[in-house]
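Data block below; observations after.
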């Protein structure tokens with residue numbers, strides 16, 4: 001047997017033997033007091049909600065017939081060129097149903113429980129010419145840089161409202177050249 005190996009075996013056997021003969025000492029329950037591991041700093045307050053005007057500005061621009069649909073894509077979360085037809089149809093449906101010009105109000109803004117950072121607002125869109133001609137719809141908005149955009153799920157629902165034959169579509173056939 002190798003002398004180094006024999007020494008190692010003897011040391012290990014001695015350590016095991018001594019461990020078996022020694023008095024068992026429990027380690028402290030918490031080797032470091034919790035007060036040293038954590039701070040008493042308060043959780044930072046949530047960021048302030050955006051102003052209702054910041055939210056309504058998104059919808060005014062989406063509904064504005066003077067703004068080309070290609071410039072509206074950035075107002076929709078994950079917007080693509082495929083959204084252009086839906087945006088055009090939505091703008092047309094608003095116009096055809098007397099919502100051009102329109103008023104938009106945002107109330108009851110609160111942080112979304114399902115999507116951190118998003119906000120939910122109750123949006124009311126009414127006709128300037130006939131204020132009783134209105135609809136109210138809860139909508140969700142997502143932050144993008146220092147602005148807001150319509151959340152993808154809300155955009156999907158809203159853009160379906162403007163589809164021919166979709167919910168909220170006028171019963172009149174489209175007029176060419178409009």
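In full-length UniProt numbering, the protein residues as written are 1 to 178. No residue lacks a Cβ here, since even glycine has one placed at the ideal position from N, Cα and C. Keep in mind it's a predicted model, so treat the numbers as computed, not measured.
| query | result |
| --- | --- |
| For residue 150, which of 101, 98, 117 has the nearest alpha-carbon? | 117 |
| Name the DSSP bridge partner or partners of residue 149? | 142 |
| Let me check understanding here. Comparing Cα to Cα, which of 132, 109, 126, 129 lies closest to residue 139? | 109 |
| Are the stretch 99–107 and the stretch 117–128 in contact at 8 Å, needing three or more beta carbon pairs? | yes |
| Run through DSSP, which three-state label would residue 136 get? | strand |
| Please specify which runs of the beta strand (DSSP E), each continuous and at least 3 residues long, are wholly inside the stretch 63–125, giving them in chain order. | 102–111 |
| Do residue 71 and residue 142 come within 7 Å of each other at the CB atom, strictly closer than that value? | no |
| Could you check the C-alpha separation between residue 148 and residue 55 for me, to the nearest Å? | 7 Å |
| Does the beta-carbon of residue 120 have 16 or more other beta-carbons within 10 angstroms, so that it is buried, or is it exposed? | buried |
| Quick check: the Cα distance between residue 115 and residue 79, rounded to an integer number of angstroms? | 18 Å |
| Which partner residues of residue 51 appear in the DSSP bridge assignment? | BP columns for residue 51 are empty, so no partner. |
| Are the Cβ atoms of residue 107 and residue 122 separated by less than 7 Å? | yes |
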